[in-house]
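Trainee: Protein chains in written order, with this note's numbering: chain B, 421 to 735; chain C, 4 to 128. C-beta atoms are modelled at their ideal positions from N, C-alpha and C, and glycine is treated no differently. Because the structure is a prediction, the values reported are computed rather than measured. Dropping the structure in here first, questions after.
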Ligand code: SF4
Ligand code: FES
């Protein structure tokens, strides 16, 4: 590519797509066939100025590639990404916006979103960090299923289109970004740390464990807090007071740790905790780390039932 | 104040995904499990009070209902027993018993108990 990129040439500038007032209901798709007329002005705000949206129901706003960009493409094929857009304070409900991005065999959905952000519309908001399934921040609904977008590849979807929506069950802050406060409160609630009682041992004291003791809880310690299990759980989506899969698995991670002396019975043996679970099992299916939160919950149900029958038995 | 968008409650959530639909179907079969218990109590009551249990059980609508109930309770039992390994982690000498062994044990025990009951119910006195 010899011509400079019209979009990425905007160094450090806020790009305003100016989608205008959105009167459409949820589920409407905008369609715009012309690419945004954008100009590369260093340090300047880019105004696409799309103005008030007067399109009818069922339309798709289609943004094709910016006319000129720096990415060296090895393919001329494209795939359509239908992406949820929501601007707080302006949009009454989220709408879908359609973007055509290069169909690269080695691209994950997250690469497609980054392409949109870098080349087509810098106002698109989404979370990501590690790009390798570790940070847990890139979870979104991909074709209706909660997935890590950095680990979900275009090759899975043929010629597309691929629909990318925010994780279901959480309030939407903007575009694909959801509110995580409730989830973090729930994690905190189960006291996710080693609780020790009795004498204060020197900080240098080692708490050795056998491989079997490590094995007892290791699986539950692999959670990356991606929230996919919450999004897949119909109980949580219908009743946000439900403690939820990851928090209960996290509690089990400490309950089953030989070094932990705490007791989380009172916070787990509740209708809003393990007994709220109806064992749909979707949390386990979508978990990218094989934590198996459904197992953690069912196992604690057995523990809680045994303790209710045999009150003297601890764990 | 937050301006976050809160989606309305989705009343048709169980139609959104095949696994949700299977789950709801499994839960609904509980109704037939309840019917099987009611039917058993009616039959026992008839036997104890000198009535004819066959007169009730032989009615066409009861037969039809019981055929459906048999299918539903079998589906319920199979899916229930298959889920059992999730709640029971059995370790033998550090080796975790695989799910198929627990499921196999459950199904074998179920068949054995059913066979014993069938033997006593079906034998001609
Ligand atoms: S349990 Fe699995 S799906 Fe749930 S937050 Fe942890 S890693 Fe994500
Ligand atoms: S970006 Fe970190 S898990 Fe996907």
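Inspect the CB distances between the region 521-541 of chain B and the region 572-582 of chain B and report whether three or more fall short of 8 Å.
Mentor: Verdict: yes, contact present.
Trainee: At the 8 Å Cβ level, is residue 506(B) part of the contact set with chain C, yes or no?
Mentor: Residue numbering aside, residue 506(B) sits at position 86 when the first chain is read from its first letter. It does: the Cβ of residue 506(B) has a partner Cβ on chain C nearer than 8 Å.
Trainee: Apart from the five residues on each side of it in sequence, which residues of its chain come closer than 8 Å, Cβ to Cβ, to residue 705(B)?
Mentor: Here residue 705(B) refers to the residue found at position 285 when the first chain is read from its first residue. Counting only Cβ-Cβ distances below 8 Å, and skipping sequence neighbours, we find 652.
Trainee: For the region 490-546 of chain B, which segments carrying the alpha helix (DSSP H) assignment without a break, of at least 4 residues, lie completely within its bounds, in sequence order?
Mentor: Runs found: 529-535.
Trainee: So, for residue 46(C): in the same chain, excluding its five sequence neighbours on each side, which residues have a beta-carbon less than 8 Å away from its beta-carbon?
Mentor: In the second chain, counting from the first residue as 1, residue 46(C) sits at position 43. Only 56, 59 and 60 meet the Cβ criterion.
Trainee: So is residue 714(B) in contact with chain C if we call contact Cβ pairs under 8 Å?
Mentor: Indexing the first chain from 1 puts residue 714(B) at position 294. It does; some Cβ of chain C falls within 8 Å.
Trainee: Under 8 Å: do the region 687-697 of chain B and the region 643-662 of chain B share three or more Cβ pairs, one atom per stretch?
Mentor: In short, these stretches touch, since the Cβ pair count reaches three.
Trainee: Tell me whether the beta-carbon of residue 679(B) lies closer than 8 Å to the beta-carbon of residue 627(B).
Mentor: Residue numbering aside, residue 679(B) sits at position 259 when the first chain is read from its first letter. Residue numbering aside, residue 627(B) sits at position 207 when the first chain is read from its first letter. Contact: yes.
Trainee: Which chain A residues are close to residue 567(B), counting only those with a beta carbon under 8 Å from its beta carbon?
Mentor: Annotation note: the requested chain A is absent from the structure, which comprises protein chains B and C.
Trainee: Cβ of residue 56(C) within 7 Å of any heavy atom in ligand 1?
Mentor: If you number the second chain from 1, residue 56(C) lands on position 53. For ligand 1, not one heavy atom lies less than 7 Å from the Cβ of residue 56(C).
Trainee: Shorter than 7 Å, the distance from the beta carbon of residue 527(B) to the closest heavy atom of ligand 4, or not?
Mentor: Within the structure as shown, ligand 4 is missing, the only ligands being ligand 1 and ligand 2.
Trainee: Please look up how many angstroms separate the CB atoms of residue 7(C) and residue 592(B), rounded, as I've assumed it's under 8 Å.
Mentor: Here residue 7(C) corresponds to residue number 4 of the second chain, with the count starting at 1. Here residue 592(B) corresponds to residue number 172 of the first chain, with the count starting at 1. With 8 Å as the limit, residue 7(C) and residue 592(B) qualify as a contact, their Cβ atoms being about 6 Å apart.
Trainee: To the nearest angstrom, how far is it from the Cα of residue 664(B) to the Cα of residue 594(B)?
Mentor: By 1-based counting over the first chain, the position of residue 664(B) is 244. By 1-based counting over the first chain, the position of residue 594(B) is 174. Their Cα atoms are separated by approximately 24 Å.
Trainee: Go ahead and label residue 15(C) buried or exposed: buried means 16 or more other beta carbons lie within 10 angstroms of its beta carbon, across all protein chains shown.
Mentor: By one-based count along the second chain, residue 15(C) stands at place 12. It counts as exposed.
Trainee: Count the other CB atoms within 10 Å of the CB of residue 589(B); is the residue buried (16 or more) or exposed (fewer)?
Mentor: Within the first chain, residue 589(B) is the residue found at index 169, counting from 1. Residue 589(B) comes out buried.
Trainee: When we look at the beta-carbon of residue 21(C) and count the other beta-carbons within 10 Å, is it buried (16 or more) or exposed?
Mentor: In the second chain, residue 21(C) corresponds to position 18, counting from 1. Its Cβ having fewer than 16 others within 10 Å, residue 21(C) is exposed.
Trainee: Step through the CB atoms of chain B and report whether any lies within less than 8 Å of the CB of residue 38(C).
Mentor: Indexing the second chain from 1 puts residue 38(C) at position 35. Answer no: the Cβ-Cβ gap between residue 38(C) and chain B never drops below 8 Å.
Trainee: Listed in chain order, which residues of the region 5-23 of chain C have Cβ atoms closer than 9 Å to some Cβ of chain B?
Mentor: So the list reads 5, 6, 7, 8, 9, 10, 11, 12, 13, 16, 17, 19, 20, 22 and 23, given in the order they occur along the chain.
Trainee: Roughly how many whole angstroms lie between the Cα atoms of residue 631(B) and residue 641(B)?
Mentor: Sequence index remark: in the first chain, residue 631(B) carries index 211 (1-based). Sequence index remark: in the first chain, residue 641(B) carries index 221 (1-based). Each residue's Cα considered, the two are about 15 Å apart.
Trainee: Ligand 1 and residue 552(B): does any heavy atom of the ligand fall closer than 7 Å to the residue's C-beta?
Mentor: For the purposes of this step, residue 552(B) is taken as the residue at position 132 of the first chain. No, since every heavy atom of ligand 1 falls outside the 7 Å radius drawn around the Cβ of residue 552(B).
Trainee: Chain B partners of residue 26(C), CB-CB under 9 Å?
Mentor: Reading the second chain from its first residue, position 23 is the one you call residue 26(C). 654, 698, 699, 700, 701 and 702, listed in chain order.
Trainee: Considering just the uninterrupted stretch of the alpha helix (DSSP H) at residue 726(B), what are its terminal residues?
Mentor: Position 306 of the first chain, counting from 1, holds the residue named residue 726(B). Its alpha helix (DSSP H) spans residues 713-729.
Trainee: Residue 92(C) touches chain B at which residues, Cβ-Cβ below 8 Å?
Mentor: Counted from its first residue, the second chain places residue 92(C) at position 89. Within chain B, the residues near residue 92(C) are 715 and 719.
Trainee: If we require 3 or more residues per run, which beta strand (DSSP E) segments fall completely within the region 47-93 of chain C?
Mentor: Complete beta strand (DSSP E) runs here, min 3: none at all.
Trainee: Is there a Cβ of chain B sitting closer than 8 Å to that of residue 118(C), yes or no?
Mentor: The residue given as residue 118(C) occupies position 115 in the second chain. No, residue 118(C) does not count as interfacial toward chain B.
Trainee: Please indicate yes or no: does the CB of residue 556(B) lie closer than 7 Å to some heavy atom of ligand 1?
Mentor: For the purposes of this step, residue 556(B) is taken as the residue at position 136 of the first chain. Because some heavy atom of ligand 1 lies under 7 Å away, the Cβ of residue 556(B) counts as near it: yes.
Trainee: Below 8 Å on the Cβ atoms is my guess for residue 535(B) versus residue 521(B); work out the distance and round it to an integer in Å.
Mentor: The count along the first chain starts at 1 and reaches residue 535(B) at position 115. The count along the first chain starts at 1 and reaches residue 521(B) at position 101. Between residue 521(B) and residue 535(B) the Cβ distance is about 5 Å, and since that is below 8 Å, they are a contact.
Trainee: Can you confirm whether residue 108(C), when its beta carbon is compared against all beta carbons of chain B, has any partner nearer than 8 Å?
Mentor: Working through the second chain from its first residue, we reach residue 108(C) at position 105. Not closer than 8 Å to any Cβ of chain B, the Cβ of residue 108(C) fails to qualify, so no.
Trainee: Just the Cα atoms here: how many angstroms apart are residue 422(B) and residue 496(B)?
Mentor: For this step, residue 422(B) is matched to residue 2 along the first chain. For this step, residue 496(B) is matched to residue 76 along the first chain. Only weak support exists for where residue 422(B) lies, its pLDDT of 35 falling under 50; the coordinates are left without a value.
Trainee: Entirely within the region 572-628 of chain B and at least 3 residues each: give me those beta strand (DSSP E) ranges in chain order.
Mentor: Those beta strand (DSSP E) runs which fall completely within the region 572-628 of chain B and span 3+ residues are 582-585 and 592-594.
Trainee: What did DSSP end up calling residue 561(B) once you bin it into helix, strand or coil?
Mentor: Here residue 561(B) is taken as the residue at index 141 of the first chain, counted from 1. Residue state, collapsed to three classes: strand.
Trainee: Mind checking which residues open and close the alpha helix (DSSP H) that includes residue 107(C)?
Mentor: Residue numbering aside, residue 107(C) sits at position 104 when the second chain is read from its first letter. From DSSP, the alpha helix (DSSP H) with residue 107(C) extends over 102-125.
Trainee: How many angstroms separate the CA atom of residue 110(C) from the CA atom of residue 69(C)?
Mentor: Your numbering for residue 110(C) matches position 107 in the second chain. Your numbering for residue 69(C) matches position 66 in the second chain. Using only the alpha carbons, I get a separation of about 22 Å.
Trainee: CB-CB under 6 Å to residue 691(B), same chain, minus the five flanking residues each way: which ones, in chain order?
Mentor: Here residue 691(B) refers to the residue found at position 271 of the first chain. None.
Trainee: Any C-beta of chain B sitting closer than 8 Å to the C-beta of residue 32(C)?
Mentor: Counting from one through the second chain, the residue named residue 32(C) turns up at place 29. It does not: the Cβ of residue 32(C) has no partner Cβ on chain B nearer than 8 Å.
Trainee: Tell me whether residue 621(B) is buried or exposed, calling it buried when 16 or more other Cβ atoms sit within 10 Å of its Cβ.
Mentor: Translated into the one-based positions of the first chain, residue 621(B) becomes position 201. The residue is exposed, with fewer than 16 neighbouring Cβ atoms inside 10 Å.
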